[in-house]
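A.B. asks:
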Amino acid sequence: MKNSKLAQTLFNSNGGYAALILRVPVGLTLAAHGAQKLFGWFGGYGLEGTGQWLASIGLEPGYLMALLAGSAEFFGGLALVLGLLTRPAALVTAFAMLVAIFAVHIGNGLFMSNNGYEYALTLFVVTLALAIQGGGRFALDKVLLERFAGAGNGQRTV
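Using this note's numbering, you'd call the opening residue of the sequence shown number 63 and step up by one each time.
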């Protein structure tokens, strides 16, 4: 019974197409940003370069901060694309965006043209909405919920 309640909290969502439309492009965008930090893909600087830059703005130890931020974005983004553990992934990425807003962008004003916080704010709001709403009916979370619900009712799961 306790596991069923946890499963409902984690995986249940009444969202439909809107959740899918939010999850996939935002997840891909976050994963790409994380890949820049972790692997140096898409013109990024990798862990070493990102770590040095983060240390230079006071986020130390820089390498660890780059690993945490990159992992949150990359793995959280992939989880959002799949709709897998959507709420936890969305919370982790929302937190990463808050850190980006206040540690990097807030002093530059709103607009991206000045390296402002508008884009990170948009990603924060979308991920916060997904944390509240869940992944929707077109997410792997729905499959997991059905498995947990079936197991909780004495049904055999494969």
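C-beta atoms are modelled at their ideal positions from N, C-alpha and C, and glycine is treated no differently. Owing to the predicted nature of the structure, the values given are computational and were not obtained by experimental measurement.
For residue 115, which option in 165, 206, 176 has the closest C-alpha, if you only look at C-alpha atoms?
C.D. replies: Of 165, 206, 176, the residue nearest in Cα terms is 165.
A.B. asks: Buried or exposed for residue 210, please, with buried defined as at least 16 other CB atoms from any protein chain shown within 10 angstroms of its CB.
C.D. replies: So residue 210 ends up on the buried side.
A.B. asks: Can you list the alpha helix (DSSP H) stretches of 4 or more residues lying completely in the region 116-190, in chain order?
C.D. replies: Counting whole runs of 4 or more residues, the region 116-190 contains the alpha helix (DSSP H) stretches 124-144, 148-162.
A.B. asks: Could you spell out the range, first to last residue, of the alpha helix (DSSP H) harbouring residue 101?
C.D. replies: 79-101 is the span of the alpha helix (DSSP H), which, as asked, contains residue 101.
A.B. asks: If contact is defined by three or more beta carbon pairs under 8 Å, each pair taking one atom from either stretch, is the region 165-185 in contact with the region 194-204?
C.D. replies: Not touching, per the Cβ criterion.
A.B. asks: In three-state terms, what does DSSP make of residue 75?
C.D. replies: The answer is coil: DSSP assigns residue 75 none of H, G, I, E or B.
A.B. asks: Identify whether residue 209 lies in helix, strand or coil by the three-state DSSP scheme.
C.D. replies: Reduced to three states, the DSSP call for residue 209 is helix.
A.B. asks: For the putative contact between residue 132 and residue 112, defined by C-beta atoms under 8 Å, what is the C-beta separation to the nearest angstrom?
C.D. replies: Contact holds; Cβ gap of about 7 Å.
A.B. asks: Label residue 172 either buried or exposed according to how many other C-beta atoms from any shown protein chain fall within 10 Å of its C-beta, with 16 as the threshold for buried.
C.D. replies: Per the 10 Å Cβ criterion, exposed.
A.B. asks: Give the DSSP-derived three-state secondary structure of residue 104 in the structure shown.
C.D. replies: Helix, per DSSP.
A.B. asks: Counting only the same chain and skipping the five closest in sequence on each side, list residues whose C-beta sits under 6 Å from that of residue 137.
C.D. replies: Here the set comprises nothing.
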